[in-house]
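First the structure, in the form of structure tokens, and then the observations on it.
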Amino acid sequence: MSSYIRSFAFGTTFLVASAFFLFAQDASPEAERYALHDKAVAAQERGDLLAAKKAYEQLLLMNEKDIGAREGLATIEAELAAAEKAAQPAPVVKPEVTTPTEPTNVPLIDEVSRERQALYSEVEAAINEAISLASTGQYDKAIRLIDEASRALPNNTSAKVYRDRVSLARQDIIGARDSSGDDVERMANQRMREVARKNQEKVDGVDRLIDEARSQVRRGDLDGAKVSLDEATKLRPRNISTLPIEEEITEIRKLIIAELINRAIEARELGKVPDLLNQYKVLTKGSEDISYNRLNALYKARKADPSFRGVDEISPGLKAKDDKVQELLVKGRAKYLYGDYQGALDTYREVLQYQPYNTESKAYQVRIRKLLSDNSGQWNRDLTKGKLLELLDESWKLPEVYNREQTGPTVTALDPVLQKLKEITVPEINIKDLPLNRALEQLVIVSQAYDKESKGVNIVPIDPEKRNPSVNITLRNVTLDRALEFVVKQVNFTYTVNDGIIEVRPDSGSSDLETDFFPLPDAAVTKMTGISSTSNNGAGAGTSSPFSAGSGAGPTGDSGASPREVAIKNFFSRSGVSFEVQGASLAWDGAMLTATQTRKNLDRIRNILRRYSDTKQVHIESRFIEINESTLNELSTNWQLSKAVGASTIIRAQTGLRGINEAYGESSVSNPGRIVTSSSTTDPVTGAVTLIQNPALSIPNSPPAINRGNFGSPSYNFGGAGVAGLVGTIGSYDLTVFLRAIEQNNGSDLMSSPSLTVVDNKTATIRIVQTLRYPDSYGDVQSNVGQSGGGVNGGGGAGVTITAGTPQDFKEQDIGVILEVTPTVQQDDSIALNLKPHVTEFEGFVEYGGTSVAIQGNTTVTVPSGFFQPIFSHREVTTDVTIFDGATVVIGGLTREEVKTVNDKVPILGDIPLIGTAFRSNGKTTSKRNLMVFVTANLISPGGSPLRSKLPGVNNGSTFSNPVVVTPGGAVYREVSEAAKAETPKAPEAK
74 MSSYIRSFAF
84 GTTFLVASAF
94 FLFAQDASPE
104 AERYALHDKA
114 VAAQERGDLL
124 AAKKAYEQLL
134 LMNEKDIGAR
144 EGLATIEAEL
154 AAAEKAAQPA
164 PVVKPEVTTP
174 TEPTNVPLID
184 EVSRERQALY
194 SEVEAAINEA
204 ISLASTGQYD
214 KAIRLIDEAS
224 RALPNNTSAK
234 VYRDRVSLAR
244 QDIIGARDSS
254 GDDVERMANQ
264 RMREVARKNQ
274 EKVDGVDRLI
284 DEARSQVRRG
294 DLDGAKVSLD
304 EATKLRPRNI
314 STLPIEEEIT
324 EIRKLIIAEL
334 INRAIEAREL
344 GKVPDLLNQY
354 KVLTKGSEDI
364 SYNRLNALYK
374 ARKADPSFRG
384 VDEISPGLKA
394 KDDKVQELLV
404 KGRAKYLYGD
414 YQGALDTYRE
424 VLQYQPYNTE
434 SKAYQVRIRK
444 LLSDNSGQWN
454 RDLTKGKLLE
464 LLDESWKLPE
474 VYNREQTGPT
484 VTALDPVLQK
494 LKEITVPEIN
504 IKDLPLNRAL
514 EQLVIVSQAY
524 DKESKGVNIV
534 PIDPEKRNPS
544 VNITLRNVTL
554 DRALEFVVKQ
564 VNFTYTVNDG
574 IIEVRPDSGS
584 SDLETDFFPL
594 PDAAVTKMTG
604 ISSTSNNGAG
614 AGTSSPFSAG
624 SGAGPTGDSG
634 ASPREVAIKN
644 FFSRSGVSFE
654 VQGASLAWDG
664 AMLTATQTRK
674 NLDRIRNILR
684 RYSDTKQVHI
694 ESRFIEINES
704 TLNELSTNWQ
714 LSKAVGASTI
724 IRAQTGLRGI
734 NEAYGESSVS
744 NPGRIVTSSS
754 TTDPVTGAVT
764 LIQNPALSIP
774 NSPPAINRGN
784 FGSPSYNFGG
794 AGVAGLVGTI
804 GSYDLTVFLR
814 AIEQNNGSDL
824 MSSPSLTVVD
834 NKTATIRIVQ
844 TLRYPDSYGD
854 VQSNVGQSGG
864 GVNGGGGAGV
874 TITAGTPQDF
884 KEQDIGVILE
894 VTPTVQQDDS
904 IALNLKPHVT
914 EFEGFVEYGG
924 TSVAIQGNTT
934 VTVPSGFFQP
944 IFSHREVTTD
954 VTIFDGATVV
964 IGGLTREEVK
974 TVNDKVPILG
984 DIPLIGTAFR
994 SNGKTTSKRN
1004 LMVFVTANLI
1014 SPGGSPLRSK
1024 LPGVNNGSTF
1034 SNPVVVTPGG
1044 AVYREVSEAA
1054 KAETPKAPEA
1064 K
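Numbering (my numbering), first residue to last: 74 to 1064.
Written as structure tokens, this is what we have:
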């Protein structure tokens, strides 16, 4: 059918040309030619293509070189060809502007309908083709074409119309074949009228679409108007008569584009205007257009006006950013409303990423942070304070006894295959003159037979030179690894384990060397060699290490190697790793160990490092608890007989019974200095000279005032002020009784509980001290007394200059608690501790040196030395203990108890019952001091949690972290995650 459609246009053209050729007339004069030309143009404008075609053909008959006639005839033939291609006239429908929707699946019935419609179009084309063939006299070919079209039609109701048309066309062709040539002309004229009718229908449809487009433009539906015009353009016949229609369509399009330009300018979307202006200019076809110039001028004027520049053009993305900010602000306010303050802070911080100067975001952040500070901040302080006070109260608890299961030493994990070789014990192996490969096969069979899992091991011989030596060996009750080792040694072979397979190959020395890298931290090197990173290089370091170079066999002449690197190499040599193989080497850069060795020696190095590289950490918790308690009970009575004479008191008699303070109390460390002057007067009558001593001037000489807060407990001075009472008089003397009765209890409880974490085999120091600086020596005391001129009575004033000793050579003394502890984790995870607790207390000052006296005239100056030196008390213990993980060491015995008593009495009177109490002084004071030191050691993981000890709610290997992390954006809380359940690690299976 497609061939019929392709040939339809040519057939129609030929049919029309033949029909008009039959009616061609003879040449006419010039006037007739002009008349025919006007008639052709008028007919073409009316859409009467048949009359126009006849006129143009007549013009060509009159003058073949008539260019106008040729162009007109070509246009008409093109229109006729286009009309013949259309199977049916296009339905005239009003275009509707619809909102685009998502594509939907076309129902199956619509697909079938389209297929049938295509078939009917081909049938219609075949009918037209057959008529064209019949017009040229090809009746038989036309009838065959009609018959093929009839057979293609389906046998249903919808095809009845086309079957009828096929039948009528067939009858017409047969009739034409049987009739004369007049019928052919009649058929051609009928076809021409049909084409003209269809063209007129299209023109009417275009007119209706143009009217509809005008109406839509007036309503503002520009998109609908564009659709209508597109449909009119498709429907419009392509001939000279429809040129006015095309111009009308162009004018309406110009109106639409002008309106779009105005809308874009009003919407501040100037970026769309240049493209619209280009479209408008294309419609003008390059001619000067007033409307275009007006629109272009308006565009340039608005573009120069900042108020008409759109935000998307000037700042692309700003509108989207503003929309995002508005959305975030709404979310932030909602979170704040519902109490999600942390979420609101995060949202408002995100706002500042888009708008750094957004005031609302900053205001809400200030409000939220103030709210959190006023509420949560105070509660956090109170909560932390409560926790710390609770920990302080709990720290007073003494260690308890907990049962612990006895565990054996920790065994370093080996390669599963090597482990299996060590576990399989063979009662007897008897190999007689078997090649190596057969001997190894026997060992594989034996391994499977005596393996508890009945899996055995895989042993593969690798013998590129096909040596395959014979093996003769007999062994009894040996492990499989020893048996394999003897077998390969006997034939100068060696074996290695590679990915679970035992490879046996010739021992070819350096040809099988491999290089491998092992992480080796500094702590592991210290454990292996005994040389720490802070040790001095050279002989000193080597002497302190049992593995130092020169202490035994092994390589010692490594040029350029550090002492620690040499010590590592010696350590591996003593552990069975030979470096005598040609090309074997070892290098350590402080973090990575590089070894070039045979595969077997590399496995040995790996197993050794697996034990020593497991560096553990120990959490040391110390607790110093000191209890001081002192009591005093005293009852004392003293009698005194005295009288006052002027400014002084004369004591006639007194009992002088002592109290606790007089007997044991602290005495003054120094006496103050004194400046004493005297003067004399002479009686003018008798000439008697009277010496008068002026009141002495005191020079302060007190020891420094020290804050004793952390210096330990002082020695207490007990006693209170006595009560004096006048009893009576005896002659001119007053009898006074001094009564002192007191009962006192003093005590202090001091607990210090510092803790820290230290790496295995490193020393940790805990210092809770105050540092007292004091002079070790003083300069000399200098005093100078000068005498001034005397007066009438021989007296005078003296100038006194005293220079105290200058402190020199200061020393420092830590006063408080110092604990040095060095943990060493043993193979069974027990912990060896080297403990050195040291408690230093300040007792007071003592003054050294005598009193200096300077005399000049009537002035005497007494100056104390002022050389004060502090007194310290020390309590120190040094010990080494080994404890289990989590156990506590108790250091006691630092106790002291002191009892002081006073029993004074007046002889005889003090023994009288009842009355004797008034002549006795009894006192007793007791002082007790007890210092206990508790040290607890726990193995901990790098996360801070216990490595083995079980704690409620804390899994082994958990991480202790601060819940708040400070970021540039502020404090951020960690996300809560459930603790993973601890799983028991499974032992690796042997291959």
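Quick reminder that beta carbons are idealized off the backbone N, C-alpha and C, glycines included. Given the structure is predicted, the values throughout are model-derived calculations rather than measurements.
Quiz item: When the distance is taken between beta carbons, is residue 588 closer than 8 Å to residue 672?
Solution: Taking 8 Å as the cut-off, the beta carbon of residue 672 is found no closer than this to the beta carbon of residue 588.
Practice problem: Pick helix, strand or coil for residue 986, following the three-state DSSP scheme. | Solution: Three-state DSSP puts residue 986 in coil, outside helix and strand.
Practice problem: Would you please state the rounded distance, in angstroms, between the beta carbons of residue 691 and residue 831? I believe it to be under 8 Å. | Solution: Confirmed, Cβ separation roughly 6 Å.
Quiz prompt | Secondary structure of residue 889, DSSP reduced to three states | solution = DSSP, read as helix, strand or coil, puts residue 889 in strand.
Exercise. For residue 816, write down the residues that DSSP places opposite it in a beta bridge.
Key: Residue 816 pairs with 706.
Exercise. For the stretch 572 to 579 and the stretch 650 to 657, state whether three or more C-beta atom pairs, one from each stretch, are separated by less than 8 Å.
Key: Note that the stretch 572 to 579 does not touch the stretch 650 to 657; fewer than 3 beta-carbon pairs, one per stretch, sit closer than 8 Å.
Quiz item: Taking contact to mean at least 3 C-beta pairs separated by less than 8 Å, is the stretch 877 to 887 in contact with the stretch 838 to 847?
Solution: Because the criterion of three Cβ pairs below 8 Å is met, the stretch 877 to 887 and the stretch 838 to 847 touch.
Exercise. Name, in chain order, the residues that DSSP records as bridge partners for residue 799.
Key: Partner(s): 809.
Quiz item: How about residue 239 and residue 219: do their beta carbons lie closer than 8 Å?
Solution: Closer than 8 Å, so yes.
Practice problem: Taking 8 Å as the cut-off, decide whether the C-beta atoms of residue 517 and residue 532 are in contact. | Solution: Their beta carbons are under 8 Å apart, which means residue 517 touches residue 532 by this criterion.
Practice problem: Kindly list the residues whose CB is nearer than 7 Å to the CB of residue 969, restricted to its own chain and excluding five residues on each side of it in sequence; keep chain order. | Solution: When the five nearest sequence neighbours on each side are left out, the beta carbons in the same chain lying within less than 7 Å of the beta carbon of residue 969 are those of 1002, in order along the chain.
Quiz item: If you draw a straight line from the C-alpha of residue 902 to the C-alpha of residue 1021, how long is it?
Solution: Between the alpha carbons of residue 902 and residue 1021 lies a gap of roughly 9 Å.
Self-check item: residue 956 and residue 917 closer than 8 Å at C-beta
Solution: In this structure, the beta-carbon distance from residue 956 to residue 917 does not fall below 8 Å.
Quiz item: Run through DSSP, which three-state label would residue 690 get?
Solution: Three-state result, residue 690: strand.
Quiz prompt | Test item: CB-CB of residue 433 and residue 391 under 8 Å | solution = Result no, Cβ atoms of residue 433 and residue 391 do not sit closer than 8 Å.
Self-check item: Stretch-stretch touch, CB-based, cutoff 8 Å, three pairs: the stretch 633 to 640 with the stretch 535 to 547
Solution: Short answer: they don't touch.
Practice problem: For residue 49, write down the residues that DSSP places opposite it in a beta bridge. | Solution: With the chain covering 74 to 1064 only, the question about residue 49 has no answer from this structure.
Quiz item: Mind checking residue 850: buried by the 16 CB within 10 Å criterion, or exposed?
Solution: Label assigned to residue 850: exposed.
Quiz item: Ordered along the chain, which non-local residues of its own chain (more than five positions away) have a Cβ less than 7 Å from that of residue 173?
Solution: Low confidence applies to residue 173: its pLDDT is 38, below 50, so where it sits in the model is not reliable enough to give any reading.
Exercise. State yes or no: is the C-beta of residue 979 within less than 8 Å of the C-beta of residue 736?
Key: Going by beta carbons, residue 979 and residue 736 fall outside the 8 Å limit.
Self-check item: Inter-residue CB distance, residue 298 and residue 329 (contact presumed, cutoff 8 Å)
Solution: Yes, they are in contact, since the Cβ atoms of residue 298 and residue 329 sit about 6 Å apart, within 8 Å.
Practice problem: Could you have a look at residue 207 and say whether DSSP puts it in helix, strand or coil? | Solution: Per DSSP, reduced to three states, the secondary structure at residue 207 is helical.
Quiz prompt | Endpoints, alpha helix (DSSP H) assigned at residue 1127 | solution = Here the chain has residues from 74 to 1064 only, and residue 1127 is not among them.
Quiz item: So, do the stretch 809 to 822 and the stretch 696 to 716 have three or more beta carbon pairs nearer to each other than 8 Å?
Solution: Pairwise C-beta distances place the stretch 809 to 822 in contact with the stretch 696 to 716, as three or more of them are shorter than 8 Å.
Self-check item: From 711, 697 and 590, residue whose alpha carbon lies closest to that of residue 668
Solution: Here the closest residue by C-alpha is 590.
Quiz item: Excluding sequence positions up to five away, which residues of its chain have a Cβ less than 7 Å from the Cβ of residue 295?
Solution: For residue 295, where only same-chain residues beyond five positions count, the Cβ hits under 7 Å are 329, 332 and 333.
Quiz item: For residue 494 versus residue 548, is the C-beta distance shorter than 8 Å?
Solution: The criterion of a C-beta distance shorter than 8 Å is not satisfied by residue 494 and residue 548.
Practice problem: Take residue 828 as the anchor and find which of 803, 894 and 855 has the nearest alpha-carbon. | Solution: Taking only the C-alpha atoms, the option nearest residue 828 is 894.
Quiz prompt | Backbone secondary structure at residue 996 - three-state DSSP | solution = When secondary structure is reduced to three states using DSSP, residue 996 falls in the strand class.
Quiz item: Sorted by chain position, which residues of the same chain lie with C-beta nearer than 6 Å to residue 982's C-beta, five sequence neighbours on each side aside?
Solution: Once the five neighbours on either side are set aside, the close Cβ partners of residue 982 are 992.
Quiz item: Between the C-alpha atoms of residue 995 and residue 708, what's the straight-line distance to the nearest angstrom?
Solution: Going from the Cα of residue 995 to the Cα of residue 708 covers about 5 Å.
Quiz prompt | CB contact flag (residue 398, residue 428, <8 Å) | solution = A contact, by the Cβ cut-off of 8 Å.
Exercise. Might you give, ordered along the chain, the residues of its own chain that have their beta carbon closer than 6 Å to the beta carbon of residue 282, omitting 5 neighbours on each side?
Key: Same-chain partners within the cutoff: 301, 304 and 305.
Exercise. Look up residue 518 in the DSSP assignment and say whether it is helix, strand or coil.
Key: Secondary structure of residue 518 (DSSP, three-state): helix.
Quiz item: Between 519, 687, 543 and 658, which lies nearest to residue 595 when the distance is taken from Cα to Cα?
Solution: The residue with the shortest Cα to Cα distance from residue 595 is 687.
Quiz item: Per DSSP, what kind of secondary structure is residue 361 in: helix, strand or coil?
Solution: Shown here, residue 361 sits in coil according to DSSP, grouped into three states, outside any helix or strand.
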